[in-house]
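J.: Would you mind keeping the following structure in view while I ask a few things?
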Amino acid sequence: MPTESFDERFTGPTLNQDLWVDHYLPQWSEPARSRARYDFTTDGLRLRIDADQMPWRDADGSFRVSNLQTGTFSGAVGTTRGTHRHRLDGLLVETPQVTRRLWTPSSGELEVVVSASADPTCMLAIWLVGFEESGPEDSGELCVTELFGDRIGPLSSTVRVGIKAHHDPRLTDDVRDIELPIDATKPHAYGVRWSGDGVDFTVDGQVIMSSPQQLAYEQQLMIDLFEFPATEQREPRNYPKTAMVHSVAGTSAS
Numbered sequence: 001m002p003t004e005s006f007d008e009r010f011t012g013p014t015l016n017q018d019l020w021v022d023h024y025l026p027q028w029s030e031p032a033r034s035r036a037r038y039d040f041t042t043d044g045l046r047l048r049i050d051a052d053q054m055p056w057r058d059a060d061g062s063f064r065v066s067n068l069q070t071g072t073f074s075g076a077v078g079t080t081r082g083t084h085r086h087r088l089d090g091l092l093v094e095t096p097q098v099t100r101r102l103w104t105p106s107s108g109e110l111e112v113v114v115s116a117s118a119d120p121t122c123m124l125a126i127w128l129v130g131f132e133e134s135g136p137e138d139s140g141e142l143c144v145t146e147l148f149g150d151r152i153g154p155l156s157s158t159v160r161v162g163i164k165a166h167h168d169p170r171l172t173d174d175v176r177d178i179e180l181p182i183d184a185t186k187p188h189a190y191g192v193r194w195s196g197d198g199v200d201f202t203v204d205g206q207v208i209m210s211s212p213q214q215l216a217y218e219q220q221l222m223i224d225l226f227e228f229p230a231t232e233q234r235e236p237r238n239y240p241k242t243a244m245v246h247s248v249a250g251t252s253a254s
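All residue numbers for the sequence shown refer to full-length UniProt numbering, where the first residue is 1 and numbers rise by one.
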């Protein structure tokens, strides 16, 4: 049965497989490319981009990613069915996935405490994305936060939040960049509450954006550290590139 709520502190020494899949959208790639790099510290789980890490998918360029997510779903090899179809041209299932609903709420609350990277090539993201098993239109996303390294400073940081329609015709894209007086390399809590009444996005418990739009279908949580390399030259001394996930607290109201 899917977990209705959890309070994850990442105490290690291994990842809780009842809550997490340590691959990024594995249906669209291959295991050696989708597998996350991470380790445990006294502060939580440290996501890493390592010098020898391969791009996630050559057709999508050179970006690299380490990700945790709370479910998997796909069709058979060569089909177009799967969670988070980020593009429609040539995206086919490469590694079929068993359907796993570890935490896929249709409404509820989420708060994730993270420390982002200020590396200008990195972005730390927290997303709730449509699971899509019920149909490709159930693909909308709650962008809890996207933190780009080149927009993080000691006195203020830009926090991207909002709703992405993707392939859901019932939704309208509404994504905002909000500058806040925080240093996002320090621990801060990024959250969302969503129900039939709409959506509230929060930082450190304060609402920074609200929307009346509704996403009334299953959402899969994804926490990812991306690297978008400026060049293909990689200096091992500049790695690993890291971000910390300190805790995750979620409650499903569905």
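Note that CB positions come from ideal geometry on N, CA and C, so glycine has one too.
1) What's the call for T79, buried or exposed, on a 16-neighbour Cβ count within 10 Å?
2) From the DSSP output, in three-state form, read off A32 for me.
3) In this structure, does DSSP put A59 in helix, strand or coil?
4) Could I get the ranges of all uninterrupted beta strand (DSSP E) runs contained in the segment 66–136, with 3 residues as the minimum, in chain order?
5) Buried or exposed, going by whether 16 or more other CB atoms sit within 10 Å of the CB of L88?
6) Can you tell me whether DSSP reads Q213 as helix, strand or coil?
7) Quick check: the Cα distance between E109 and D7, rounded to an integer number of angstroms?
8) Note down the Cα distance separating E218 from S107, rounded to an integer number of angstroms.
9) Beta strand (DSSP E) containing S5: first to last residue?
10) If we ignore side chains and look at the alpha-carbon of each, how far apart do P101 and R81 end up?
11) In the DSSP assignment, what residue or residues form a beta bridge with T202?
T.: For this structure:
1) With fewer than 16 other beta carbons inside 10 angstroms of its own, T79 counts as exposed.
2) Three-state result, A32: helix.
3) Reduced to three states, the DSSP call for A59 is helix.
4) As far as the segment 66–136 is concerned, its whole beta strand (DSSP E) runs of at least 3 residues are 108–115, 122–130.
5) L88 comes out exposed.
6) Looking at Q213 - three-state DSSP - the assignment turns out to be coil, as it is neither helix nor strand.
7) Going from the Cα of E109 to the Cα of D7 covers about 12 Å.
8) One C-alpha to the other measures close to 8 Å.
9) Per DSSP, S5 belongs to the beta strand (DSSP E) from 5–8.
10) It should be pointed out that residue 101 corresponds to Arg in this sequence rather than to Pro. If you take the alpha carbons of R101 and R81, they lie about 16 Å apart.
11) Answer is G191, V207, bridged to T202.
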